[in-house]
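Data first, discussion second: the structure below is written as C-alpha cells.
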Amino acid sequence: MPEHQGPSGNSPIWNGVSFIDPTDYAHELPGARRMQRMIKIIDQGGFSKRLFFVGFSGFIASSYSLFATNVIKPELYYVYPPCGRLDSNAGMVMDELTLLGTLLGMLFAGHLADLWGRKRLYGFELAILIVATMGMVQASEGFRSQHPDGSYEYTMDIYSWVTWWRFILGVGIGSEYPLVAVITAEWVATKSRGRMLVSVFSMQTIARVLAFGVNLAALKVITSRNGMSPDALDNGDFMTQHVIDQVWRWVAGVALIPAVIAVGLRLTIPETPRYYADIVKDVGKAIKRATQVYRQREAAGQEPEIDDDEASDSDGDSLAEVEGWYSGAWRYLRETKAGRDLLVISGLWALNDIAWYCIWLDSPSAMSTLWHDPSASSVAQRSTTPNTNGCPGSGIWRSDPGSSDTSIFRELEGNSIRFMLVVSIGSVLGALTLIFIINRFHRKRILMATFSILALLFAILGGILVGTDSLAEQGRVGTATDVIFGIMHFFFNLGPKTLILVIAVEIFPTVYRGSFYGIAAATGKLGAIIIRPIIGSTGKLHNALGIRLLVVVPLMLLAVWMSSLLPEVQRVVRKPDVEEPADDLSDVECPGSEQRQEGEETEAESVDSRGEKPGSPLWFHLVPRRLETMTLEDIAPSPALALSRLE
Numbered sequence: 351m352p353e354h355q356g357p358s359g360n361s362p363i364w365n366g367v368s369f370i371d372p373t374d375y376a377h378e379l380p381g382a383r384r385m386q387r388m389i390k391i392i393d394q395g396g397f398s399k400r401l402f403f404v405g406f407s408g409f410i411a412s413s414y415s416l417f418a419t420n421v422i423k424p425e426l427y428y429v430y431p432p433c434g435r436l437d438s439n440a441g442m443v444m445d446e447l448t449l450l451g452t453l454l455g456m457l458f459a460g461h462l463a464d465l466w467g468r469k470r471l472y473g474f475e476l477a478i479l480i481v482a483t484m485g486m487v488q489a490s491e492g493f494r495s496q497h498p499d500g501s502y503e504y505t506m507d508i509y510s511w512v513t514w515w516r517f518i519l520g521v522g523i524g525s526e527y528p529l530v531a532v533i534t535a536e537w538v539a540t541k542s543r544g545r546m547l548v549s550v551f552s553m554q555t556i557a558r559v560l561a562f563g564v565n566l567a568a569l570k571v572i573t574s575r576n577g578m579s580p581d582a583l584d585n586g587d588f589m590t591q592h593v594i595d596q597v598w599r600w601v602a603g604v605a606l607i608p609a610v611i612a613v614g615l616r617l618t619i620p621e622t623p624r625y626y627a628d629i630v631k632d633v634g635k636a637i638k639r640a641t642q643v644y645r646q647r648e649a650a651g652q653e654p655e656i657d658d659d660e661a662s663d664s665d666g667d668s669l670a671e672v673e674g675w676y677s678g679a680w681r682y683l684r685e686t687k688a689g690r691d692l693l694v695i696s697g698l699w700a701l702n703d704i705a706w707y708c709i710w711l712d713s714p715s716a717m718s719t720l721w722h723d724p725s726a727s728s729v730a731q732r733s734t735t736p737n738t739n740g741c742p743g744s745g746i747w748r749s750d751p752g753s754s755d756t757s758i759f760r761e762l763e764g765n766s767i768r769f770m771l772v773v774s775i776g777s778v779l780g781a782l783t784l785i786f787i788i789n790r791f792h793r794k795r796i797l798m799a800t801f802s803i804l805a806l807l808f809a810i811l812g813g814i815l816v817g818t819d820s821l822a823e824q825g826r827v828g829t830a831t832d833v834i835f836g837i838m839h840f841f842f843n844l845g846p847k848t849l850i851l852v853i854a855v856e857i858f859p860t861v862y863r864g865s866f867y868g869i870a871a872a873t874g875k876l877g878a879i880i881i882r883p884i885i886g887s888t889g890k891l892h893n894a895l896g897i898r899l900l901v902v903v904p905l906m907l908l909a910v911w912m913s914s915l916l917p918e919v920q921r922v923v924r925k926p927d928v929e930e931p932a933d934d935l936s937d938v939e940c941p942g943s944e945q946r947q948e949g950e951e952t953e954a955e956s957v958d959s960r961g962e963k964p965g966s967p968l969w970f971h972l973v974p975r976r977l978e979t980m981t982l983e984d985i986a987p988s989p990a991l992a993l994s995r996l997e
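In the working numbering, the protein residues as written are 351 to 997.
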C-alpha cells in the first residue's frame, strides 16, 4: 500500500502540479471535453505563418550568433594575436565556455518554462543575446602604451572580455532551443507540427550561410570603403588590422537585427493553451487563448462560442506549484518508458553533436584540408605581424596548411567561398528535402537511414584523408572529397541535425516537456564540450580530420540502433481495401454493437502503435504509406494517466 492515500482511499498520482485520483481516469478526466475542444481549435489553424515568423526570427538570430563566433575567429586572431593569453589556447577556452553557457541555458530555460510558464521566458533569452552581442562588439584592449624596447602594454585583455561575453551569449543561445521548440510544438496544429518544427529548425542552415555571406560582404565593402584593394592588405599592416577589426565587429553585430525583430514579434504570442490546460489547470483560459490566436477561424464561423465558465481566468497567471515536482518527475521517469526515452534521445543528441562538432568546430581548417590545391598559392610572401614582436601564436589565423604566404583578405575570402560552395548547398537542400518528406515517412526511420548513410560517408572520407600522405595528393582528390563533404551535410540536415530536435519535443508530456527537452539538448552540448579538447590536441596535421571521421563511424552505427528505440510519433492511416465488398464493415465500429468478450482481439487491436500488423514483411516497412501525425497527448499522455494505467 502506498504511503499516501487519496481522498477516496486510492493511490494518488502526482502529475507535476496536483494530486489526481487514478479512478478519475476510468471513464473520462474532468474537463476532457473542453481539452478536446481546445485541441480542435488549434488543429483548425493549420500552418500558421504568424507562429512560423515568431519562431524562425529568434532561432535564426541565436543560430547566427553561434556560427558567427566561429566565422570571426581567424579575424580576431589576426588583429589581436593571442600571444600566450588564455593559457596559450584562446580558441579552445572561448569555444568551451560558449558551449558551457549554451548547456546551462538549455537546462535552466527548459526547466523554468515548466515551472514559470513559456511566455514569461519567451523573449528574455533574446534580451540576453542582445546584451551579450553588444558587449562583444565593443570589447577592447583599452589604452595602449609602448615601452622603450618597442613592445606594447594594454590596460585590458580583449580575450577576457570576448570570452566572458561569449559565455553570456551561449546562455542566451542555449535558452532559445527549449523555448522555441516547446512553444512551437504546443501552439501549432497537429498535422502541421512536423513541417513547422522542421521549418523553424532549418533556420540553422540559413544562419550558417548568412554568417559566411555577411563575413564576405563586410570584408569587401569595408575594404573598398577604406580605399584599399584586396591585394593591398598586407599581413601585419596597421591599416589592414583596422579594416579586419571592423569586419569581425560588423559580422557579430548583425545578429542584433533579427534578435530585436524577434523580441517584438514574441510580445504578440500569449501563453500556450497546453500550459494553461495541463499545468495551470485552467482549461477555460486555454480555450480562450487558442481562440485569441486563431481568431480568424472564429470570425469565419468555424469555432463554437465559449461559455463564461470555460473562459474563466481564475488562477490563469499563477505559477505552477513546485512542491513534489521533482519526486513526481522521478517517479514518472522510473515507472514508465519515459525514462528510457529520455536516455535514448539524450544519447542520440550527444552522438550527433560529437560527430557534428568533429567537422564544424574546426571548419576553416577542415574546409582548407579538403579544398587544398598547392598551385593556388600565388600571393607573394609577406612579412608576418611585425608589430607583435614575434609573439607566439601570431600566425594561428591561417587555416590553409599549405599556403603560408596567403594574405588575410584572400584567407578570409577563401574560407567564406569554400563554405558557401561546398557546405551551404548540401545543408539547404537537406533541410528543404526534410520539409517535404517529414509527413511521408516515419521520423525515426529517416533518422536510422541518415545515420547509416553518414557512417558510410564518414568511413569513405576518413579513409581517403588518412590515405593521402602529401598535399599534392590532396589537391588531386580535392573535388571528390568536397563532394562527399557536401553530401555529408545534406544527410546531417535531412536527418539528425534537425530530426532529433523535432522528436525530442514530441515525446514528453506538457508537464515535463521543457525540462526533459533541456536535459536532452544539454547532453548534446556535453558531447561537444568533451570533443573540443580532442580536436584541439590533434593540431593541424593533414590527416587529423580523417582520423576523427574514422573514430566517429562506430558512434554513427550505435546511433542507428538507439534510433530504433525511439517511440513513434506517427501512425499509418488505414484505409479499406478497394477490392473488398462494399458491405464488409468488419473494421467499422457501429454504434450500439455488442461489446466484444474479454480477451477477444479485434483486427484494429492487432495493429501495433505504428499502425502496422505484427509480423509484416520487411518490404512492407519500406514502402511509403499515408501517415498521420499523432497529437502530443496521444504520444505522451499526462503523467497521471500514464501512471494510472500501470496500477
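Just so you know, even glycine gets a beta-carbon here, dropped at the ideal spot from N, CA and C.
Notebook entry, point to check: Leaving out five residues before and five after F808 in sequence, what residues of the same chain have Cβ atoms less than 8 Å from its Cβ?
Noted result: Locating residue 808 in the sequence shown gives position 458, counting from the first residue. Counting only Cβ-Cβ distances below 8 Å, and skipping sequence neighbours, we find A705, M838, L899, L900, V902, V903, M906.
Note to self: By the DSSP assignment, the beta strand (DSSP E) with Q394 in it spans what residues?
What the structure shows: Start at 1 with the first residue of the sequence shown, and residue 394 comes out as number 44. For Q394, no beta strand (DSSP E) segment is defined, and its DSSP state is neither H nor E.
Item checked: Run of the beta strand (DSSP E) containing Q920, from where it starts to where it stops -> Locating residue 920 in the sequence shown gives position 570, where the first residue counts as 1. Residues 920-922.
Check: Distance, Cα to Cα, Y504 vs T590?
Finding: For the purposes of this step, residue 504 is taken as the residue at position 154 of the sequence shown. For the purposes of this step, residue 590 is taken as the residue at position 240 of the sequence shown. Going from the Cα of Y504 to the Cα of T590 covers about 20 Å.
Next item on the list: Have a look at the DSSP bridge pairing and note the partners of Y676.
Entry: Along the sequence shown, read from residue 1 onward, the residue named residue 676 stands at position 326. Per DSSP, Y676 has no beta-bridge partner at all.
Note to self: Out of G813, D595, F402, which one is the CA nearest neighbour of N893?
What the structure shows: The residue you call residue 893 lines up with position 543 of the sequence shown. Taking each of G813, D595, F402 in turn and checking the Cα distance to N893, the smallest one comes out for G813.
Check: Straight-line CA distance for R863 to V855?
Finding: Sequence index remark: in the sequence shown, residue 863 carries index 513 (1-based). Sequence index remark: in the sequence shown, residue 855 carries index 505 (1-based). About 7 Å.
Next item on the list: Using three-state DSSP, classify L457 as helix, strand or coil.
Entry: Sequence index remark: in the sequence shown, residue 457 carries index 107 (1-based). In the structure shown, L457 sits in a helix (DSSP, three-state: H, G or I).
Notebook entry, point to check: For V573, does the three-state DSSP call read helix, strand or coil?
Noted result: Here residue 573 is taken as the residue at index 223 of the sequence shown, counted from 1. The sequence as given places Thr at residue 573; Val does not occur at that position. Correct three-state label for T573: helix.
Margin query: Assuming T979 is part of the beta strand (DSSP E), what are its boundary residues?
Written below: What you label residue 979 is simply residue 629 of the sequence shown in a count that begins at 1. Annotation for T979: the continuous beta strand (DSSP E) segment containing it runs 977-979.
Margin query: For the pair the region 555-565 and the region 873-886, tell me if three or more CB-CB distances fall below 8 Å.
Written below: The region 555-565 and the region 873-886 do not touch, with fewer than 3 CB-CB distances between them shorter than 8 Å.
Checklist line | Span separating the alpha-carbon of V633 from that of L782 | finding: The residue labelled residue 633 in the question sits at position 283 within the sequence shown. The residue labelled residue 782 in the question sits at position 432 within the sequence shown. Using only the alpha carbons, I get a separation of about 37 Å.
Item checked: Closest Cα partner of S802 within the set S766, G845, G520, A830 -> Here residue 802 corresponds to residue number 452 of the sequence shown, with the count starting at 1. Answer by Cα proximity: G845.
Check: Between F409 and chain E, is there a C-beta pair that is closer than 8 Å?
Finding: In the displayed structure, chain E is absent; only one protein chain is listed.
Next item on the list: Provide the residue span of the alpha helix (DSSP H) that contains Q496, from first to last.
Entry: Here the question's residue 496 lines up with position 146 in the sequence shown. No alpha helix (DSSP H) contains Q496, which is instead part of the beta strand (DSSP E) from 494-496.
Check: Does the separation of the CB atoms of G455 and S510 fall below 8 Å?
Finding: Position 105 of the sequence shown holds residue 455. Position 160 of the sequence shown holds residue 510. No, Cβ-Cβ distance for G455 and S510 is not below 8 Å.
Next item on the list: Determine contact between the region 481-490 and the region 506-522, defined as no fewer than three beta-carbon pairs at a distance below 8 Å.
Entry: Cβ pair count under 8 Å is three or more, so yes.
Next item on the list: Within its chain, find whatever has a CB closer than 6 Å to the CB of F493; leave out the 5 residues flanking it on each side and keep chain order.
Entry: For the purposes of this step, residue 493 is taken as residue 143 along the sequence shown, with counting starting at 1. Taken in chain order, the residues that qualify are T505.
Checklist line | Three CB pairs or more closer than 8 Å across the region 442-451 and the region 590-610 | finding: Because the criterion of three Cβ pairs below 8 Å is not met, the region 442-451 and the region 590-610 do not touch.
Check: Hey, L426 and I695 are a contact pair by Cβ (cut 8 Å); roughly how many whole angstroms apart?
Finding: As a working mapping, residue 426 is identified with position 76 in the sequence shown. As a working mapping, residue 695 is identified with position 345 in the sequence shown. Rounded, the Cβ-Cβ distance is 35 Å, inconsistent with contact.
Next item on the list: Check whether the Cβ atoms of S777 and N843 lie closer than 8 Å to each other.
Entry: If you number the sequence shown from 1, residue 777 lands on position 427. If you number the sequence shown from 1, residue 843 lands on position 493. Pairing S777 with N843 gives a Cβ-Cβ distance under 8 Å.
Check: Between which two residues does the alpha helix (DSSP H) containing E856 stretch?
Finding: On the sequence shown, residue 856 is found 506 positions in, with the first residue counted as 1. In the DSSP assignment, E856 falls within the unbroken alpha helix (DSSP H) covering 846-856.
Check: If you follow the alpha helix (DSSP H) that Y414 is part of, which residue opens it and which one closes it?
Finding: The residue you call residue 414 lines up with position 64 of the sequence shown. That run of the alpha helix (DSSP H) goes 399-421.
Next item on the list: Tell me, to the nearest whole angstrom, how far the beta carbon of L683 is from that of G689; I am working on the premise that it is less than 8 Å.
Entry: The residue given as residue 683 occupies position 333 in the sequence shown. The residue given as residue 689 occupies position 339 in the sequence shown. In this structure L683 is in contact with G689, their Cβ atoms being roughly 4 Å apart against a cut-off of 8 Å.
Notebook entry, point to check: Is the number of C-beta pairs between the region 549-558 and the region 386-406 that are closer than 8 Å three or more?
Noted result: When Cβ pairs closer than 8 Å are counted between the two stretches, the region 549-558 is seen to touch the region 386-406, the count reaching three or more.
Next item on the list: Please classify Y504: does DSSP put it in a helix, a strand, or coil?
Entry: Here residue 504 refers to the residue found at position 154 of the sequence shown. Three-state result, Y504: strand.
Note to self: Taking the alpha carbon of R795 as the reference point, which residue from W911, W466, A567 has its own alpha carbon closest?
What the structure shows: Residue mapping note: residue 795 aligns to position 445 of the sequence shown, counting from 1. Comparing Cα positions, the closest option is W911.
Margin query: Can you list, in chain order, the residues of its chain with a C-beta nearer than 7 Å to that of E929? Leave out the 5 residues immediately preceding and following it.
Written below: As a position in the sequence shown, residue 929 is number 579, starting the count at 1. Any reading at E929 is ruled out, since the residue's pLDDT is 45, under 50, leaving its predicted position unreliable.
Notebook entry, point to check: Is DSSP giving F791 helix, strand or coil here?
Noted result: Against the sequence shown, residue 791 aligns to sequence position 441. DSSP places F791 in the coil class of the three-state scheme, outside both helix and strand.
Check: Would you say I775 and G836 are within 8 Å of each other, going by their C-beta atoms?
Finding: Stepping through the sequence shown from its first residue, residue 775 is reached at position 425. Stepping through the sequence shown from its first residue, residue 836 is reached at position 486. At the C-beta level, I775 and G836 come within 8 Å of one another.
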